[in-house]
Amino acid sequence: MTEALRLYIDRVIEFMPRMLESLGETGIMLFFAMLAAILAGIPVGTLLYLTSEGQPTENRPLNRIINAFVNIIRSFPFLLLVVAMQPFIRQVYGRATGDPIAASFPMVVIAIALYARFVEQSLNEIPRGILETAQSMGATTWQLVWKFLYVEARSSLVIGFATATISFVSYSTIMGVVGGGGIGDFAIRYGYQRYETDIMYTAIVLIIILVEIFQWLGLKLAKKLDKR
Amino acid sequence: MIEFNQVDKMFDEKDKPLIALSDITLSIHKGETFGVVGESGAGKSTLLRLINALEKPTNGSVSVNGIDVSNLSKKKLRQAQKQIGMIFQQFNLLNNKTVGENVHLPLELHDYPAALTTDEVLRFVGLEDKKDSYPSQLSGGQKQRVGIARALITRPDILLCDEPTSALDQNTTEEIVEVLKKVHREFKMTIVVVTHELPVIKELCERAAIMEQGEIRKVITVKRSTEQANVKPYHERAIEVLTDD
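Top line first, the protein sequences correspond to chains A and B.
Here the first sequence is numbered in this note's numbering, starting from 1 and rising by one per residue.
Here the second sequence is numbered in this note's numbering, starting from 1001 and rising by one per residue.
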């Protein structure tokens, strides 16, 4: 038993540099996805909410366009989205394969669509009376969003962000198909293609730990922000 | 002064339009306390919400201090709305802000040259020690006091009260009515109260409109009860009511 354990530790040490490199690639893809979720997902989700039916700022054509974008992206099987975006990425970035930054393009697109939907749902949970109060105080739409909606929805927005990030981890694992690397790709290459089962399980455990950390951080922060 | 001139209000329902108000003509004088009573669905809340243009009339016009609020540009509308305070049945406080932050909120939206301070209004409603609490730590009556403080901080000419005591028990209702009477006494503002609770109107208002099915049946002068409000502890009132024949 101790012999087997020593053997396993030796193998993990041997593979460690490759594994850390893969984690770094996952980190790059997650970074761009999370950044896009915050910088674009939040505004798009807010716009979805503000333009929906029954709001003072209702705008049906705009709402339909954004809804269509979100639905189409989200209903795309992710692998096909990755492949379908190849020519576009090549145009914009110069290369579409073999690089985690190139692999981040589809991650960015799915991140915006996914988190926009979560943001819309969070805002929908705010009681109608809060909107009415903002309106009765003569708030502009900008003030409504920043001083009322985001204040009341903040813990729900954080929980949604943690859930979205966990999905990004899952999406990132298939980026190996375009040579994007990442810890998921590492697990597939060593475990599935080279039968190094122990190394594959080690990589999977790392992914699970990553997910647990995001979940824990999200819940902790949400709880701290929630004064309801 | 608030004037309704032949106002109709209809809502588009799926099959047929719902008539919420029909042919309302009414004036509410500057500085008076005016009640609007009626059963649920009589249209009283809609009437109130026309005053600060949360709703727009289908026909007719509503004017506040000589300005027709039913026909303003968005910017002018916000200017008109900021002069009118409002309190709500469900209080509508922001749960993630402290009491002090909630009360100060209107001042973050617009400039008010004659505004009061957070401490002044909290002292006025008797909650100076709750400034750093969150709404979830307050009772219903305290939440409504915060609502009143938030409405007062801008020193509005008009205070609209939408079922201000309907979510509260009887003793707390009397407390809130006392606070509103004090508001009227000290700030001389026009107060319009919508409620189905007749004792609230009797205690607080000089005149009242009685509404039924979207119409005003009658506008009356309220005979105020002369005896001082006699706030009994809840357990005494419970015994009195439950053992009465």
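Idealized CB from N, CA, C, for every residue including glycine.
Under DSSP, N1005/B takes part in a beta bridge, and its partners are S1061/B.
Using a Cβ-Cβ cut-off of 8 Å, Y1112/B does not count as an interface residue toward chain A, since no Cβ of chain A sits closer than that to its own. Apart from the 5 residues on each side of it in sequence, S22/A sits with its Cβ closer than 7 Å to the Cβ of G181, G182, I183, D185, F186 in its chain, given in chain order. In terms of Cα proximity to I130/A, the closest of N1102/B, L1094/B, S1136/B is L1094/B. Taking the Cβ atoms as the reference, A1209/B lies roughly 5 Å from V1219/B, within the contact range of under 8 Å. Among the residues of the stretch 13-34 of chain A, none has a Cβ less than 9 Å away from any Cβ of chain B.
The continuous beta strand (DSSP E) containing V1193/B extends over residues 1190-1195. Residues of chain B with a Cβ closer than 7 Å to the Cβ of A139/A are, in chain order, L1109. The alpha carbon of T1117/B has as its nearest neighbour, out of R1155/B, E1174/B, K1143/B, the alpha carbon of R1155/B. At least one beta carbon of chain B lies nearer than 8 Å to the beta carbon of V151/A. Taking the C-beta atoms as reference points, S75/A is found no nearer than 8 Å to N63/A. A direct Cα-Cα distance of roughly 10 Å separates G54/A from R60/A. The distance from the Cβ of I73/A to that of I110/A is about 6 Å, consistent with a contact at the 8 Å cut-off. If only complete runs of 3 or more residues are kept, the stretch 81-161 of chain A shows no beta strand (DSSP E) anywhere. Cβ neighbours of R18/A within its own chain (closer than 7 Å, five residues either side excluded): F186. Cβ-Cβ separation between F1088/B and G1147/B: approximately 7 Å, consistent with a contact (criterion under 8 Å). Per DSSP, E1055/B has no beta bridge partner at all. Between P87/A and Q135/A, the C-beta gap is not smaller than 8 Å, which leaves the two residues out of contact. Taking CB atoms only, L1054/B has a neighbour in chain A less than 8 Å away.
With respect to the 8 Å criterion, I1158/B and V1069/B are not classified as neighbours on the basis of their beta carbons. Contact check between the stretch 1157-1174 of chain B and the stretch 1004-1023 of chain B: fewer than three CB pairs, one atom from each, fall below 8 Å, which does not count as touching. Residues of the stretch 1087-1098 of chain B with a Cβ closer than 9 Å to any Cβ of chain A, in chain order: F1088, Q1089, Q1090, F1091, N1092, L1093, L1094, N1095, N1096, K1097, T1098. Just so you know, the alpha carbons of D99/A and S155/A end up roughly 35 Å apart. Spanning the alpha carbons of K223/A and V169/A requires a straight line of approximately 23 Å. Only L1077, R1078, Q1079, A1080, Q1081, K1082, I1084 from the stretch 1061-1085 of chain B bring a Cβ to less than 8 Å from some Cβ of chain A.
At a cut-off of 8 Å between beta carbons, S1166/B makes no contact with chain A. In this model, A40/A and I66/A are separated by some 12 Å (Cα to Cα). Counting the other CB atoms within 10 Å of its CB gives M16/A a total below 16, which places it among the exposed residues.
Among the residues facing chain A, L1105/B is included, as its CB has a counterpart in that chain under 8 Å away.
For D1162/B, the beta-bridge partners assigned by DSSP are V1194/B. Spatial neighbours of T26/A in its own chain (CB-CB distance under 6 Å, excluding positions within 5 residues in sequence) are listed in chain order as S172, G182, I183.
At a C-beta separation below 7 Å, G129/A has these neighbours in chain B: F1088, Q1090, N1092. For T1098/B, the closest alpha carbon among the candidates G1085/B, A1020/B, K1075/B, L1127/B is that of L1127/B.
Taken in chain order, the complete beta strand (DSSP E) segments of 3 residues or longer contained in the stretch 1062-1120 of chain B are 1084-1087. Around S1136/B, the beta-carbon contacts reaching into chain A at under 7 Å are K227, R228. Contact annotation: I1028/B and T1195/B have beta-carbon atoms that are not nearer than 8 Å.
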